[in-house]
Structures are given as C-alpha cells and as structure tokens.
Amino acid sequence: YANLPQLLGRTTVEMETTQGNLTIVVDGYSAPVNGGNFVDLVQRGFYDGLDFFPSDDFILSGNPQGAEEGFIDPETGEYRAIPLEFLVRGDSEPIYEITLEDAGLYLAQLVLPFSAYGAVVLARPEDNLNGGSSQFFFFKFDTELTPPGYNLMDGRFSVFGYVVEGKEVLEKLTKSDKIISAKVVDGIENLVEPVEETETVVEPVEETETVVEPVEETETVVELVEETETVVEP
Numbered sequence: 495y496a497n498l499p500q501l502l503g504r505t506t507v508e509m510e511t512t513q514g515n516l517t518i519v520v521d522g523y524s525a526p527v528n529g530g531n532f533v534d535l536v537q538r539g540f541y542d543g544l545d546f547f548p549s550d551d552f553i554l555s556g557n558p559q560g561a562e563e564g565f566i567d568p569e570t571g572e573y574r575a576i577p578l579e580f581l582v583r584g585d586s587e588p589i590y591e592i593t594l595e596d597a598g599l600y601l602a603q604l605v606l607p608f609s610a611y612g613a614v615v616l617a618r619p620e621d622n623l624n625g626g627s628s629q630f631f632f633f634k635f636d637t638e639l640t641p642p643g644y645n646l647m648d649g650r651f652s653v654f655g656y657v658v659e660g661k662e663v664l665e666k667l668t669k670s671d672k673i674i675s676a677k678v679v680d681g682i683e684n685l686v687e688p689v690e691e692t693e694t695v696v697e698p699v700e701e702t703e704t705v706v707e708p709v710e711e712t713e714t715v716v717e718l719v720e721e722t723e724t725v726v727e728p
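This note's numbering numbers the first residue of the sequence shown as 495 and each following residue consecutively.
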C-alpha cells in the first residue's frame with residue numbers, strides 16, 4: 495500500500511466539537527494504513543466543519559459535503575479506498591482485505607478490539623470490505639450487548655484508535671453538532687506520505703560519426719652526402 499499514507503507509530507489528535515473536546519490516540523503500530531489515512535485527512539483539514547450523525551450504537555462523521563461519499567485525492571482525482579485492516583494478537587503484520595472468518599480465525603483476539611467505549615473505526619459500504627475512505631465512527635460500547643473480549647464486529651471493520659479523553663462528550667453529541675476542527679498535537683513525525691511515482695525518461699545518446707582524418711603521406715627526402723676526396727698532404 496505504498497500509494498497510501500501510513501502511520502508508523504502513535505499519533506494524538508485533538509478534535510474540537512460543538513459539545514467539547516475529544517482526544518484520540520491513533521495506533522499506527524496496529525493499523526498503519528487506516529491510521530495513516532485518518533491522520534493525513536486531519537492534517538488536510540478535511541474534517542473541519544463536518545456534521546455528526548449519532549445512533550444508538552455509534553456516532554458517524556467524516557461524510558464530505560457535496561455528492562461525494564469519501565475523499566477524492568486532488569493529485570489524482572480518484573477516490574481513496576482504504577482496505578479492511580486488523581492485527582491479531584501475537585502476529586507481527588496486520589491482515590488485509592478479508593474478515594477474520596475468511597481467514598479462518600473465528601475467535602482470534604485483536605490488538606485493537608471493539609470492546610472499549612470510544613473505539614474509532616473506519617466506516618465502509620456494507621457490501622465492500624475495502625471501500626472505506628474518509629467516514630469514521632465512534633463506537634459506543636455496551637457491555638450488555640458486547641461481552642468483554644469478543645465482538646461480532648471485530649475483524650469486519652478496521653479499528654485504528656480510541657478516544658482517551660472526552661468520552662463524556664460522545665454522550666452529548668446530536669445530529670445538530672459538528673466537528674469545529676481537528677489537529678494533530680503529537681506524533682506527526684510518524685506519518686509517512688506516499689512517494690509520488692515519477693517517470694524516468696532515458697534520453698537516447700545521439701550517435702556521432704567519428705571521422706578519421708587520413709594521415710598525409712609525406713615524402714621523406716634523404717639528403718645524399720656528397721663524397722669528397724680526402725687529400726693527404728705528404
């Protein structure tokens with residue numbers, strides 16, 4: 495996923511809402527692609543001014559104004575699609591694009607589970623595991639509906655962080671509330687932006703004709719030494 499932003503560590507995001515502030519820790523160790531996408535959009539100011547859409551179980555946001563339902567990269571003009579991503583405890587690398595069930599890991603424990611109030615999760619179309627983009631939701635954990643350590647949503651959606659301060663604010667949010675601003679307050683150095691591919695053009699070497707100048711033949715003139723008679727005087 496070199497074409498997507500990636501988070502290689504943890505980052506703290508401060509989100510100011512019309513009901514108060516939320517502090518979110520984004521875990522790039524366990525969700526580098528989903529975490530990188532979220533932090534990149536925060537840096538762009540993408541979420542500033544967007545509405546909340548609360549329900550009984552979660553609070554959705556990140557739906558851009560206008561006809562689009564995700565982030566359109568201004569560099570490419572294309573929809574940025576983010577894959578399903580989760581890290582199983584004991585593994586060194588996340589699993590991508592398939593659910594826990596598809597991977598045959600029915601009861602596996604995840605490093606970033608849903609079983610915590612204020613989990614921050616990438617939203618996606620119901621019929622597309624890898625179609626998420628900018629929309630996310632805060633999960634409102636209910637211990638009666640979700641036994642500790644297991645959740646039917648684990649491995650079906652990508653958790654990439656948690657609200658660590660301001661959980662009481664989540665209870666107050668209604669459909670008339672919005673994000674005033676979101677900004678990274680710590681760990682921005684862990685965000686790695688995709689490297690733009692550049693086309694390498696190899697200029698052809700112009701062939702040059704090598705001209706060999708003929709060596710001018712020169713006539714070698716050998717001077718004859720005139721023989722002289724030596725006279726010996728008696």
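Note that the Cβ used here is the ideal one computed from N, Cα and C, for glycine as well.
Only a predicted model underlies this, so the values are computations on that prediction, with no experimental measurement involved.
Which listed residue (the options) has its alpha carbon closest to that of residue i
i    : options                   : result
V519 : V679, E687, V686 and V689 : V679
Y600 : E683, Y573, K677 and V582 : V582
G571 : E562, L578 and E579       : E562
V605 : E595, F565, I553 and I589 : I589
F565 : T593, F547 and V533       : V533
E687 : I674, L535 and E587       : L535
Beta-ladder partner(s) of residue i, from DSSP
i    : result
M509 : L516 and A676
F546 : F546 pairs with nothing; no bridge assigned.
E579 : Y590
Rounded distance between the beta-carbons of residue j and residue i, thought under 8 Å
i    : j    : result
F630 : A610 : Going by Cβ atoms, the distance from F630 to A610 rounds to 15 Å, so no, they are not a contact pair.
K669 : Q513 : Not really, about 12 Å apart at Cβ, beyond 8 Å.
For residue j and residue i, the rounded distance between their alpha carbons
i    : j    : result
Q537 : V507 : 10 Å
V614 : I576 : 15 Å
D740 : L501 : Residue 740 lies beyond the stretch modelled for the chain, which goes from 495 to 728, so this question has no answer here.
D671 : Y523 : 31 Å
T511 : G530 : 22 Å
A496 : N684 : 15 Å
L554 : L623 : 17 Å
Y573 : K661 : 32 Å
G556 : A597 : 29 Å
With 16 other Cβ atoms within 10 Å as the buried cut-off, status of residue i
i    : result
G560 : exposed
D550 : exposed
G626 : buried
V648 : For clarity, residue 648 is Asp in the given sequence; the question names Val instead. Its Cβ being crowded by 16 or more others within 10 Å, D648 is buried.
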